[in-house]
Amino acid sequence: MKYEKRKVWGVLLRLFHWAFVLSIVALTVTGIYVHNPWTNTVLEGTGRFPLATMRYIHFVAGFVLTGAILTRIYLLVFGNRHEKFLDFIPVTPRNIKNFFATLAYYLYLSDKYRPRSGHNALAGSIYLVTFFLALGQILTGFYLLYPENLTLQGIGLKLFGTQQQARFIHHLLMWYFILYAFTHIYILIWNDIKRPQGLISSIFNGTKFKPGKV
Amino acid sequence: MSRSFCAPSMGTGISRRGFLKGCAMAAAALGLSDELVPRIARAAASPLKPPVVWLHFQECTGCSEALLRASHPDIGRLILDIISLDYHETIMAAAGNQAEKVLKDTISKYKGKFICVVEGAIPTKDKSIYCKIGGRTAMEILDEVARESAAIITIGTCASFGGVQAAAPNPTGAVGVRDLIKDRPIVNIPGCPPNPISFLGTVLNFLTFKRLPEADRLGRPLFAYGRRIHDQCERRAHFDEGRFVERFGDEAHRKGYCLYKAGCKGPETFSNCPAVRFNDVGAWPVGTGHGCIGCTEPAFWDTMTPFYERLPDVKIPGNRGIVSSADSAGKKILGITAAAIGIHAAVGIGKRVIKGKADQSD
Amino acid sequence: MAKRIVVDPITRIEGHLRIDAEIKEGHITKAWSSGQMWRGIEVILQGRDPRDAWLFTQRICGVCTTVHAIASVRAVENALDLEIPINAQYIRNLILALHGLHDHIVHFYILSALDWVDVVSALKADPGKTAALANSLSDWPGNSVDRFKAIKEKIKTLVDTGQLGPFANGYWGHPAMKLPPEANLMAVSHYLEALDYQRKADSAIAILVGKNPHIQNLSVGGVTTAINLDNEATLNMERLYWIKQLAKDVRAFVHKVYLPDVITIGALYKDWLEYGAGVTNYLAVPDMPLDTQGTRFDLPGGTIFDGKLDSAKAFKNFKDPYFRDNVMESIVHSWYKGDWTRHPFNEDTVPDYTDFQENGKYSWIKSPRFQNKPMQVGPLAQVLVGYALGHDLTRRYVDYALERISGLAGSKVGLEALHSTPGRHLGRAIRAAVLSDLAIKHWQLLVDNIGRGDTAIFNPPSFPKGEQMGFGFHEAPRGALSHWIVIRDGRISNYQCVVPSTWNAGPRDGKQQPGPYEASLVDNPVAIPERPLEVLRTVHSFDPCIACAVH
Ligand code: HEM
Ligand code: HEM
Ligand code: NFV
Ligand code: SF4
Ligand code: SF4
Ligand code: F3S
Ligand SMILES: [Mg+2]
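Here the protein sequences line up with chains A, B and C, keeping their order.
Everything in the first sequence is counted per this note's numbering, starting at 20 for the first residue and increasing by one.
Everything in the second sequence is counted per this note's numbering, starting at 5 for the first residue and increasing by one.
Everything in the third sequence is counted per this note's numbering, starting at 2 for the first residue and increasing by one.
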């Protein structure tokens with residue numbers, strides 16, 4: 020069989036992906052620590068500052084995440100053909116069809132399925148939701164980080180409520196990302212096994228394969 | 005809404021004759037001789053102590069009680085020298101019709117010039133019948149008094165945001181003043197009860213500079229609510245250092261470590277408690293070993309509970325009445341997801357075994 | 002012809018109370034007591050974490066702050082059968098004693114004195130004679146000619162401004178006002194001093210609890226006041242001593258000002274000793290436990306029926322079935338759905354408002370009953386029960402007070418005079434004296450125990466699956482308070498508060514027996530129905546708290 024090699028993901032998008040992955044992993048680990056700090060330094064005067072350090076990492080990762088999301092938002096509009104949001108959200112008849120076809124395929128209801136070079140519409144929709152929730156995480160995060168800023172306070176109060184409510188939302192959203200990561204990686208492996216598309220390597224080198232006409 | 009306006013002036017808007025007659029009546033009511041009438045008239049025409057009308061609705065009087073404990077100024081000085089506390093049900097001498105008359109007279113005499121202090125929430129359900137005074141509902145009274153006031157100060161989380169009676173399921177539809185009154189300047193002094201210093205600071209600010217203090221987006225003065233407890237707490241160093249009380253009375257507790265893991269809501273609560281403290285003895289809740297419960301925040305009875313946990317309960321839908329912590333809910337959902345993934349993979353493997361080959365549908 | 006009056010709002014109380022009275026020939030023939038505000042705290046508690054309940058219930062009342070907190074943790078501990086460390090017991094006792102002192106002082110001076118004291122008449126007083134009068138009663142340093150002069154000047158300035166503030170439109174010059182100007186001036190001076198001393202009691206409490214009102218140092222299983230003599234952030238000797246000093250200051254005020262003032266006013270108004278008895282069944286619960294389980298107490302509690310001291314029967318411990326099994330509440334005349342009389346564990350609280358119906362439902366207050374009888378609760382009940390059960394401290398102060406009243410009144414005033422409107426004030430002042438001694442005692446017990454190296458303050462609760470029921474009682478400033486909890490799978494499934502002012506201010510029950518307020522008003526004189534000062538006197542003598550009564 021012959022395969023066509025296609026360039027799908029630009030450098031920026033790949034950079035985004037890995038910045039996103041790393042920051043979220045860091046944020047989740049440090050976030051869980053902040054929620055329930057398991058160390059208990061009973062020694063005074065040691066100056067190790069475990070909680071302060073974890074918070075510091077959390078905030079640095081928070082800024083990385085923010086940069087990543089801003090990059091992705093730019094690409095949603097100005098990226099290459101596959102990176103633009105219209106390519107993968109189920110609003111055109113073609114994408115709507117693809118959305119349900121993918122769903123049926125994933126649920127083993129049908130074997131008829133045409134893979135895409137970019138994201139399929141189901142995956143694309145989930146990614147978009149993920150970007151949106153990451154934005155929510157960023158907003159709640161900054162609201163918590165700068166409590167004395169009255170502009171942020173105004174926005175935070177309107178969108179989320181008090182600091183405690185924002186923190187609660189922030190915490191619940193963390194669970195979304197944990198769940199997302201698990202299913203995301205599973206589906207990738209599943210797809211990679213089912214189809215020789217080079218799906219996983221695409222996020223490293225930017226190219227996917229499409230079975231060519233014989 | 006303008007944050008600055010004129011303080012009460014002395015103009016009363018009634019004629020001199022009517023005025024002297026009023027003074028004579030006041031003298032008579034006091035059992036004083038007629039010769040005192042000109043004295044009273046002179047006094048009443050000179051700059052006044054600002055009149056204050058204090059309304060009590062759905063409340064526990066803890067906020068008034070807090071004021072009783074204030075020291076600068078103390079309550080005696082406050083009500084005899086600084087303001088004229090014309091209506092306050094807990095301390096006024098008059099009762100019944102005599103009290104109602106005082107309220108009416110104050111409002112009509114000082115239209116647009118008196119300060120209205122509200123303590124307690126206002127029930128809005130069932131036409132407000134859950135709180136009546138002198139035969140009228142809380143909503144009627146608030147509307148009537150607030151309309152004529154120069155400004156409103158809400159004292160306590162009840163009057164500011166609804167307070168304890170507004171906790172789920174809020175059986176009486178209790179709300180704070182800001183939910184009902186939109187056209188008067190309102191300063192919120194939440195807390196359950198608030199530190200009287202925060203209330204008095206606001207009053208003194210108003211009397212001295214003739215304007216209300218700068219406030220945050222919930223109408224709380226910045227001088228008292230500009231910062232979170234956690235950012236001013238003396239135990240913060242222990243927080244940063246990861247030194248926590250795990251259980252009341254343990255070694256860490258007896259060393260004065262951070263109460264974060266005992267549910268302290270200092271990180272989510274705006275208040276000056278660690279800075280100004282209570283009752284003139286340098287005390288505040290965290291200082292004696294109990295976490296902050298977030299008493300200056302809206303809806304804290306629902307969002308800060310359980311008080312001994314970090315985050316509120318999550319109600320798992322479909323499972324009526326079952327309450328869980330955010331994390332056990334998260335872990336349950338994670339478990340379900342893992343199971344789903346397992347089943348999905350198993351089905352895939354099963355199909356492959358049956359078909360013997362990866363599908364090649366195109 | 003009977004005349005009907007409505008006094009609404011009753012002021013100088015906590016909360017929203019309406020009193021209706023029928024007056025015939027200058028005397029009250031029938032009265033109705035009606036609570037005018039409901040919040041639904043018992044409903045709000047459903048489904049919540051039992052460890053949080055005390056913080057909610059404490060907000061039932063900010064005047065008797067601390068008391069619903071204490072009753073609540075006791076109820077949960079009772080349901081879990083959880084003992085608390087002895088330090089926690091002493092700390093709670095210290096709090097409740099000091100709070101009782103604050104509350105009684107505020108009640109007498111700020112809330113009720115103006116019923117008996119004519120502020121304006123004080124303008125006619127001679128400061129020298131006032132000092133002579135005051136010094137004949139006690140050697141309080143505040144009773145100087147200079148101070149009385151200054152106070153008189155202060156009243157004059159206030160009157161001169163024409164802005165009388167809280168004193169506007171009071172009952173000045175009312176024919177029922179009988180004190181000589183000097184007694185009035187002395188009382189006004191003490192009114193202002195009382196403001197300082199009530200604050201000292203609160204400061205002492207705050208050292209233990211973090212803030213006051215609404216203490217924040219309890220927990221189911223003990224207290225959260227960390228004890229460590231070698232740390233600056235905890236209860237150490239410096240703070241302990243501060244508490245003692247403040248407590249001693251307050252004690253001096255009670256002994257040298259409050260008690261003598263009540264004795265004097267009682268003697269000068271001795272014609273009132275025949276009014277206001279009302280319900281003479283009395284109920285008090287024991288308090289200030291001396292052990293970790295609540296089986297020995299420093300304050301006695303029990304019941305007395307029909308005013309007969311020899312009928313006194315004690316409540317023995319925190320689990321006593323004599324208390325547990327005999328309390329019921331009726332809602333026949335209250336704005337709740339149904340017309341039942343039930344035990345608190347089986348009650349519910351479903352609002353059903355009808356407006357004021359003099360023969361139907363007319364109050365938000367429920368009607369608690371003990372063995373189906375209305376009971377009067379409060380300091381007087383506790384003092385009478387204590388006297389009847391032979392409680393030393395109580396006996397000593399009662400005998401002392403009656404002897405001094407008799408001396409001042411010029412005729413023998415016996416124990417039976419306590420069943421009256423002024424008797425309730427006297428009972429309260431006597432209880433304050435008892436509490437002021439016990440505060441110091443329990444401070445010493447605490448310090449001695451800490452000195453032995455015991456710093457335990459907390460036993461963690463654990464909530465087993467299934468159902469547990471518990472009740473906790475506490476002798477609050479206004480009398481016997483009890484909280485009743487049903488816990489299912491670690492959550493509250495029912496919570497009921499039966500509160501002192503509910504006992505006293507409740508409406509009639511299913512058998513049409515009036516509550517103590519209603520009964521005590523009957524036969525009271527009313528000189529001017531349009532200015533019903535006498536109604537205030539009797540109602541105030543109970544120290545009403547309507548936020549407590551309806552919650
Ligand atoms: C997916 C991304 C993120 C995850 C999973 C995450 C997770 C968490 C978690 C679990 C907590 C602890 C909350 C609690 O339960 O008490 C937390 C706290 C916090 N997060 Fe994030 N977070 C994320 C992104 C961000 C971002 C972008 C910011 C913004 C800079 C941020 C700022 C904060 C702040 C300020 C806190 C409070 C820390 C404290 O007050 O000690 N987070 N985060
Ligand atoms: C180490 C494991 C991971 C690998 C190998 C991987 C690989 C990939 C691949 C191949 C795609 C493109 C899929 C497609 O074409 O539809 C992708 C997309 C994506 N992945 Fe991952 N991923 C990993 C972990 C994660 C994690 C942990 C997250 C976030 C929590 C994440 C978030 C995303 C997002 C948001 C996209 C959409 C990219 C876009 O359109 O901008 N990935 N990933
Ligand atoms: N009644 C009553 Fe209370 C008291 N003392 C409560 O238990 O006042 Ni607010
Ligand atoms: S805010 Fe708190 S203290 Fe003030 S009235 Fe409401 S419940 Fe009472
Ligand atoms: S005790 Fe509370 S407010 Fe203080 S540092 Fe710890 S979490 Fe923050
Ligand atoms: S509970 Fe309230 S009093 Fe201060 S410490 Fe917390 S805001
Ligand atoms: Mg009740």
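We treat Cβ as the ideally placed atom computed from N, Cα and C, and that holds for glycine.
Let me know the secondary structure DSSP gives residue 178(B) once reduced to three states.
On the second sequence, position 174 is the one that residue 178(B) refers to. Of the three classes helix, strand and coil, the one that applies to residue 178(B) here is strand, per DSSP.
For residue 394(C) and residue 435(C), I'd like the C-alpha separation in whole angstroms.
Position 393 of the third sequence, counted from the start, is the residue given in the question as residue 394(C). Position 434 of the third sequence, counted from the start, is the residue given in the question as residue 435(C). Distance from the CA of residue 394(C) to the CA of residue 435(C), rounded to the nearest whole angstrom, comes to 6 Å.
Measure the Cβ-Cβ separation of residue 157(B) and residue 94(B) and say whether it is below 8 Å.
Position 153 of the second sequence, counted from the first residue, corresponds to residue 157(B). Position 90 of the second sequence, counted from the first residue, corresponds to residue 94(B). No, Cβ-Cβ distance for residue 157(B) and residue 94(B) is not below 8 Å.
Do you know offhand how far residue 528(C)'s Cα is from residue 174(C)'s?
The sequence position of residue 528(C) within the third sequence is 527, counting from 1. The sequence position of residue 174(C) within the third sequence is 173, counting from 1. Approximately 12 Å, taken between the alpha carbons.
Residue 470(C) to residue 325(C), Cα distance in whole Å?
Stepping through the third sequence from its first residue, residue 470(C) is reached at position 469. Stepping through the third sequence from its first residue, residue 325(C) is reached at position 324. So the two alpha carbons sit approximately 11 Å from each other.
Mind listing the chain B neighbours of residue 67(A)? Cutoff is C-beta to C-beta under 9 Å, in chain order.
Along the first sequence, one-based indexing puts residue 67(A) at 48. Simply 245 and 246.
Determine whether the Cβ of residue 233(B) lies closer than 8 Å to any Cβ atom of chain A.
Here residue 233(B) corresponds to residue number 229 of the second sequence, with the count starting at 1. By this cut-off, residue 233(B) is not an interface position.
On the three-state DSSP scale, how would you describe residue 546(C)?
In the third sequence, counting from the first residue as 1, residue 546(C) sits at position 545. Here residue 546(C) sits in strand by DSSP.
Pick out every residue whose C-beta is nearer than 7 Å to a heavy atom of ligand 5: which are they, in chain order?
233(B), 234(B), 237(B), 239(B), 240(B), 242(B), 243(B), 262(B), 263(B), 264(B), 268(B), 270(B), 271(B), 290(B), 295(B) and 296(B)
Please compile the residues from chain B whose C-beta is within a distance smaller than 7 Å of the C-beta of residue 15(C).
By one-based count along the third sequence, residue 15(C) stands at place 14. Near residue 15(C) (Cβ distances below 7 Å), the residues of chain B are 65 and 94.
Distance check for residue 123(C) and residue 33(B), CA to CA, integer angstroms please.
One-based indexing of the second sequence puts residue 33(B) at position 29. One-based indexing of the third sequence puts residue 123(C) at position 122. Any answer about residue 33(B) is weak, because its pLDDT of 44 lies below 50 and its placement is not dependable; what the coordinates show is given next. Rounded to the nearest angstrom, the two C-alpha atoms are 15 Å apart.
Among residues of its own chain, excluding the 5 on either side of residue 222(A), which ones have a beta-carbon nearer than 7 Å to its beta-carbon?
As a first step, residue 222(A) is located in the first sequence; it is residue number 203 there, counting from the start. Taken in chain order, the residues that qualify are 28, 33 and 36.
For the alpha helix (DSSP H) containing residue 335(C), name the first residue and the last one.
Here residue 335(C) refers to the residue found at position 334 when the third sequence is read from its first residue. Neither: residue 335(C) is in no alpha helix (DSSP H) and is coded neither H nor E.
Is it the case that the Cβ atoms of residue 375(C) and residue 330(C) are separated by a distance below 8 Å?
As a position in the third sequence, residue 375(C) is number 374, starting the count at 1. As a position in the third sequence, residue 330(C) is number 329, starting the count at 1. Residue 330(C) is positioned such that its CB atom lies no closer than 8 Å to that of residue 375(C).
Name the DSSP bridge partner or partners of residue 89(B)?
Start at 1 with the first residue of the second sequence, and residue 89(B) comes out as number 85. Residue 89(B) pairs with 56(B).
By the criterion of Cβ-Cβ separation under 7 Å, what are the contact partners of residue 215(C) in chain B?
Within the third sequence, residue 215(C) is the residue found at index 214, counting from 1. Chain B residues near residue 215(C): 66, 196 and 197.
Distance, Cα to Cα, residue 222(C) vs residue 251(B)?
Working through the third sequence from its first residue, we reach residue 222(C) at position 221. Working through the second sequence from its first residue, we reach residue 251(B) at position 247. Approximately 11 Å between the Cα atoms of the pair.
Which of the three DSSP states, helix, strand or coil, is assigned to residue 377(C)?
On the third sequence, position 376 is the one that residue 377(C) refers to. Note: residue 377(C) maps to strand in three-state DSSP.
Going along the chain, which unbroken runs of the alpha helix (DSSP H) with 4 or more residues stay wholly within the segment 232–304 of chain B?
240–244, 255–258, 277–280 and 289–292
Counting pairs of Cβ atoms below 8 Å between the segment 217–224 of chain B and the segment 85–105 of chain B, do you hit three or more?
no
Taking just the CA atoms, how far does residue 33(C) sit from residue 423(C)?
To locate residue 423(C), count along the third sequence from 1; it is residue 422. To locate residue 33(C), count along the third sequence from 1; it is residue 32. Going from the Cα of residue 423(C) to the Cα of residue 33(C) covers about 21 Å.
In or out: residue 449(C) buried (at least 16 other Cβ within 10 Å) or exposed?
Working through the third sequence from its first residue, we reach residue 449(C) at position 448. Classification of residue 449(C): exposed, given that the 10 Å Cβ count is below 16.
Inspect the beta-carbon positions of residue 194(B) and residue 45(C) and report whether they are closer than 8 Å.
What you label residue 194(B) is simply residue 190 of the second sequence in a count that begins at 1. What you label residue 45(C) is simply residue 44 of the third sequence in a count that begins at 1. No. Outside cutoff.
Residues in the segment 158–188 of chain A with C-beta within 7 Å of chain B's C-beta atoms, listed in sequence order?
So the list reads 166, 167, 169, 172, 173, 176, 181, 182, 183, 184, 186 and 187, given in the order they occur along the chain.
Would you call the segment 73–85 of chain B in contact with the segment 190–210 of chain C, where contact means no fewer than 3 C-beta pairs closer than 8 Å?
yes
I'd like to know if residue 11(C) contacts chain B, where contact means its C-beta is closer than 8 Å to some C-beta of that chain.
In the third sequence, the residue the question calls residue 11(C) occupies position 10. By this cut-off, residue 11(C) is an interface position.
Closest to residue 63(A) by C-alpha separation, out of 253(B), 357(B) and 248(B), would be which residue?
Position 44 of the first sequence, counted from the first residue, corresponds to residue 63(A). When each option's Cα is compared against that of residue 63(A), the closest is 248(B).
Per DSSP, what kind of secondary structure is residue 508(C) in: helix, strand or coil?
One-based indexing of the third sequence puts residue 508(C) at position 507. Three-state result, residue 508(C): coil.
Just list the alpha helix (DSSP H) runs in the segment 272–346 of chain C, keeping only unbroken ones of 4 residues or longer that don't cross its boundaries, in chain order.
Listed in chain order, they are 322–325.
Count the other CB atoms within 10 Å of the CB of residue 412(C); is the residue buried (16 or more) or exposed (fewer)?
On the third sequence, residue 412(C) is found 411 positions in, with the first residue counted as 1. Residue 412(C) is exposed by the Cβ-count criterion.
Against residue 196(C), what residues of chain B qualify as contacts under a CB-to-CB distance less than 8 Å, listed in chain order?
For the purposes of this step, residue 196(C) is taken as residue 195 along the third sequence, with counting starting at 1. Within chain B, the residues near residue 196(C) are 72, 78, 79 and 80.
Quick one: any contact between the segment 101–121 of chain B and the segment 183–194 of chain C, if contact means 3 or more CB pairs under 8 Å?
Flag = no, the segment 101–121 of chain B and the segment 183–194 of chain C do not touch.
Taking 7 Å as the cut-off, is the CB of residue 436(C) close to at least one heavy atom of ligand 3?
Reading the third sequence from its first residue, position 435 is the one you call residue 436(C). No - ligand 3 has no heavy atom lying nearer than 7 Å to the Cβ of residue 436(C).
Between residue 111(C) and residue 195(C), how many whole angstroms is the CB-CB distance? I'm expecting something under 8 Å.
By one-based count along the third sequence, residue 111(C) stands at place 110. By one-based count along the third sequence, residue 195(C) stands at place 194. At roughly 7 Å, the Cβ-Cβ gap stays under 8 Å, so residue 111(C) and residue 195(C) are in contact.
Report yes or no: is there a C-beta of chain C within less than 8 Å of the C-beta of residue 328(B)?
Counted from its first residue, the second sequence places residue 328(B) at position 324. By this cut-off, residue 328(B) is not an interface position.
Is residue 185(A) near ligand 2, judged by its Cβ being under 7 Å from some heavy atom?
As a first step, residue 185(A) must be located in the first sequence, where it is residue number 166. It does not: the Cβ of residue 185(A) is nowhere closer than 7 Å to a heavy atom of ligand 2.
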